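A short write-up of the structure that comes next.
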Amino acid sequence: MAIKVLIIEDDIILNEMYAMKFKFENFEVESAFEWEEWLHKIDEFNPDIILLDIMMPWLNWFDTIKIIKEGSNKDIKVIMFSNLNDKQSQEKAKELWADDFILKADTTPKQAVEKVYEILKLK
Amino acid sequence: MQQENTTITDSHLIELEKYKRILDCMSESVWMWNDEEETIYANPNFCNLLWYKLEEMLWRKSYDFWDEESIRIVQENNKYRKKWETSKYEWLLKAKDWTLIPVFLSWTPVPGWWTVWIMTDLREVKSLKKVEEELKQLNKTKDEFISIVWHELRTPLTAIKWYLSMILDWDLWEINDIIKRSLNHSFDSTNRLIELVNDVLCISKIESWNMNYYMEDLEIVPIINAVYNDIKFEGEKRGINIELDIDDDISWCIISVDENKLKQVLLNLLTNALKFTKEWWKVTIKVEKNWNDAIFSIIDTWEWIPKDKMDSLFEKFTQVESALQRKNTSWLWLWLAICRDFIENFWWKIEVESEIWKWSTFFFKLKIINNL
Numbered sequence: 218m219a220i221k222v223l224i225i226e227d228d229i230i231l232n233e234m235y236a237m238k239f240k241f242e243n244f245e246v247e248s249a250f251e252w253e254e255w256l257h258k259i260d261e262f263n264p265d266i267i268l269l270d271i272m273m274p275w276l277n278w279f280d281t282i283k284i285i286k287e288g289s290n291k292d293i294k295v296i297m298f299s300n301l302n303d304k305q306s307q308e309k310a311k312e313l314w315a316d317d318f319i320l321k322a323d324t325t326p327k328q329a330v331e332k333v334y335e336i337l338k339l340k
Numbered sequence: 015m016q017q018e019n020t021t022i023t024d025s026h027l028i029e030l031e032k033y034k035r036i037l038d039c040m041s042e043s044v045w046m047w048n049d050e051e052e053t054i055y056a057n058p059n060f061c062n063l064l065w066y067k068l069e070e071m072l073w074r075k076s077y078d079f080w081d082e083e084s085i086r087i088v089q090e091n092n093k094y095r096k097k098w099e100t101s102k103y104e105w106l107l108k109a110k111d112w113t114l115i116p117v118f119l120s121w122t123p124v125p126g127w128w129t130v131w132i133m134t135d136l137r138e139v140k141s142l143k144k145v146e147e148e149l150k151q152l153n154k155t156k157d158e159f160i161s162i163v164w165h166e167l168r169t170p171l172t173a174i175k176w177y178l179s180m181i182l183d184w185d186l187w188e189i190n191d192i193i194k195r196s197l198n199h200s201f202d203s204t205n206r207l208i209e210l211v212n213d214v215l216c217i218s219k220i221e222s223w224n225m226n227y228y229m230e231d232l233e234i235v236p237i238i239n240a241v242y243n244d245i246k247f248e249g250e251k252r253g254i255n256i257e258l259d260i261d262d263d264i265s266w267c268i269i270s271v272d273e274n275k276l277k278q279v280l281l282n283l284l285t286n287a288l289k290f291t292k293e294w295w296k297v298t299i300k301v302e303k304n305w306n307d308a309i310f311s312i313i314d315t316w317e318w319i320p321k322d323k324m325d326s327l328f329e330k331f332t333q334v335e336s337a338l339q340r341k342n343t344s345w346l347w348l349w350l351a352i353c354r355d356f357i358e359n360f361w362w363k364i365e366v367e368s369e370i371w372k373w374s375t376f377f378f379k380l381k382i383i384n385n386l
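Next comes the structure, spelled out in structure tokens:
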């Protein structure tokens, strides 16, 4: 069965790029641009892993991860991705039970896929 | 006796004359009353402030020159004034044309006869303050604008970069060498743009005091090794050998530092050194222990920085041409400005030494915290 990845990124072009890459690697992909819409659909799509852009303006990612991690009966992994290159945000993300942190401008889509494999311990 | 207290005698005038020159030159306004609160002296500045001539003011009651609310306050304060206590107010004077003029005033009773008022025109101070506030606001708006623009630039640039990388990665179709080379150049240029965006954002963050420092107690050697591994490939690409020269004593040394910032400083200095070093020459990363300090040096070969340019080297947007290679290197200096700001935050100064035809060294010291 294909691994399900949910990409939450408000930049359409970037979102599509990650979606393209993950589909190419045989993942089952859903893209979200607006979070509210997706919050109640998480159970429906039941992703294995979520890529979450923490700079989305309308999203309080602090609460979001809590909702995902505490609300679901499945162990959904969360990778935060951002362009904030400071250790504090990264530490904070990890404190909030994010499983990893990707710096968008420094991580190739290929590396992002590898990271997903690594976190799901599939390779 | 009564006469002496309420009017100006000749001897008073002579006395007054002695100080007249000083009072005439003062940038503050000076006003003197007798005990009847009649004007007995006003310096030229005070006359100008209220648009009166001196003779129009003399012997007139002080109330003629206050606004009504101020008169009340002055009367309330009379009891203190009569006790010869000194005090300060911010209040309104009434000019000849009835314009109200805000002044900051302090007054001192002179034993026996007078009250001396010294005033500063608050309109000037206030307008200066207003201009300063406006400038501050404008600067803040500018910083925010720059920050937003550059943040917004980064997302599309990231998209371009990774789309290009995917095309290059995937080899979806047979792309010929020319296309591949062009795509590679596009990729490199996009990368450079992203770095520039990051640098500008970094500078604007430093300048708006929004830069966070995450200080930790860390061993020096792993940091140096990580930096070395990052830059090694860049050196190989340019045919330049990067050497490590670390004192044995350094291996157990711990410094208090923001790891990312220190790495960025070293990488910036190394990239700078690589740009100026000729192929087949070397760049050295040297760390030595000197009492309580660890001295970090990045030494290149061939670069020469003229003495008169050394001071401006760390300024933003300074354009310094390398004397030997005549390369236009304006954007490099942004990196050096970042280095300086970071290092200064760790309470040390970054310095340069240069010897013509031989080498240039950028070096800085950090305190070793576990020195025995």
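One line per chain: the protein sequences are F and P, in this order. Residue numbers for the first sequence follow the working numbering, beginning at 218 and rising by one. Residue numbers for the second sequence follow the working numbering, beginning at 15 and rising by one. Built from N, CA and C at the ideal position, the CB exists for glycine as well. Please read these numbers as outputs of a predicted model, since none were measured by experiment.
Name, please, each residue of chain P whose Cβ falls closer than 7 angstroms to the Cβ of residue i.
i              : result
L231 (chain F) : T169, T172, A173
N263 (chain F) : Simply none; closest approach about 28 angstroms.
Taking only beta-carbon positions, decide if residue i is within less than 8 angstroms of chain F.
i              : result
D3 (chain P)   : Nothing about residue 3 (chain P) can be reported from this structure: the residues present for chain P run from 15 to 386 only.
T343 (chain P) : Below a pLDDT of 50, predicted positions are generally treated as unreliable, and T343 (chain P), at 49, falls in that range; the measurement from the model is reported next regardless. T343 (chain P) does not count as touching chain F.
M229 (chain P) : no
W349 (chain P) : no
M180 (chain P) : yes
L380 (chain P) : no
S336 (chain P) : Residue confidence is low: S336 (chain P) scores 44 on pLDDT, short of 50, so the model does not pin down where it sits. Its coordinate-derived value is still stated next. No - not a single Cβ of chain F is within 8 angstroms of the one on S336 (chain P).
R340 (chain P) : Because the pLDDT at R340 (chain P) is just 41, under 50, the model does not fix this residue reliably, and the value given afterwards should be weighed accordingly. By this cut-off, R340 (chain P) is not an interface position.
Name the chain F residues that come within less than 7 angstroms of residue i, Cβ to Cβ?
i              : result
I115 (chain P) : Under the 7 angstroms cutoff, chain F gives no residues; its nearest Cβ is about 49 angstroms from I115 (chain P).
S41 (chain P)  : Within chain F, no residue comes near S41 (chain P); the closest Cβ sits about 49 angstroms away, beyond 7 angstroms.
I208 (chain P) : A322
W176 (chain P) : M234, T325, P326
Is residue i close to chain P, meaning its C-beta is less than 8 angstroms from at least one C-beta of that chain?
i              : result
K238 (chain F) : yes
M297 (chain F) : no
N348 (chain F) : The first residue shown for chain F is 218 and the last is 340, placing residue 348 (chain F) beyond what the model contains.
I266 (chain F) : no
D228 (chain F) : yes
Of the residues the options, which one's Cα is nearest the Cα of residue i?
i              : options                        : result
D38 (chain P)  : P:W47, P:H26, P:Y55            : P:Y55
E365 (chain P) : P:W373, P:S76, P:R354, P:E146  : P:R354
D325 (chain P) : P:E367, P:K303, P:P58, P:N359  : P:E367
E51 (chain P)  : P:A351, P:Q89, P:K67, P:E302   : P:Q89
I268 (chain P) : P:R252, P:V301, P:G249, P:K296 : P:V301
K75 (chain P)  : P:T53, P:Y66, P:S179           : P:T53
T134 (chain P) : P:S374, P:P116, P:N212         : P:P116
M40 (chain P)  : P:L27, P:W47, P:C61, P:Y228    : P:C61
F328 (chain P) : P:E166, P:F376, P:F310         : P:F376
D307 (chain P) : P:F201, P:V44, P:I383          : P:I383
Q278 (chain P) : P:G249, P:L152, P:D213         : P:D213
TODO: Report the residues of the region 307–338 of chain F with a CB closer than 7 angstroms to any CB of chain P, ordered along the chain.
DONE: Along the region 307–338 of chain F, going in chain order, the ones with a CB nearer than 7 angstroms to a CB of chain P are K321, A322, T325, P326, K327.
TODO: Pair every Cβ in the region 285–299 of chain P with every Cβ in the region 307–314 of chain P, then say whether three or more of these pairs are closer than 8 angstroms.
DONE: Touching, yes.
- [ ] Say whether the region 249–263 of chain P touches the region 217–231 of chain P, bearing in mind that this needs 3 or more beta-carbon pairs closer than 8 angstroms, one atom from each stretch.
- [x] Contact between the region 249–263 of chain P and the region 217–231 of chain P is absent, because fewer than three Cβ pairs lie under 8 angstroms.
Open item on the list: Short of 8 angstroms Cβ to Cβ, which residues in the region 265–295 of chain P face chain F?
Closed with: When C-beta distances to chain F are compared with 8 angstroms, the residues of the region 265–295 of chain P below that value are D272, E273, N274, in chain order.
Open item on the list: Closer than 8 angstroms is the cut-off here; do at least three beta carbon pairs connect the region 164–180 of chain P with the region 229–247 of chain F?
Closed with: With a cut-off of 8 angstroms, the region 229–247 of chain F and the region 164–180 of chain P count as touching, because enough Cβ pairs lie within range.
Task: Touch test, the region 230–248 of chain P against the region 272–284 of chain P, Cβ-Cβ under 8 angstroms, three pairs minimum - done: These segments touch.
Open item on the list: Could you check whether the region 148–155 of chain P touches the region 292–302 of chain F, counting it as contact only if at least three pairs of C-beta atoms, one from each stretch, sit closer than 8 angstroms?
Closed with: The answer is no - the region 292–302 of chain F does not touch the region 148–155 of chain P, with fewer than three Cβ pairs under 8 angstroms.
TODO: Could you say if the region 322–333 of chain F and the region 22–36 of chain P meet the contact criterion of at least three C-beta pairs nearer than 8 angstroms?
DONE: Too few Cβ pairs lie closer than 8 angstroms, so no.
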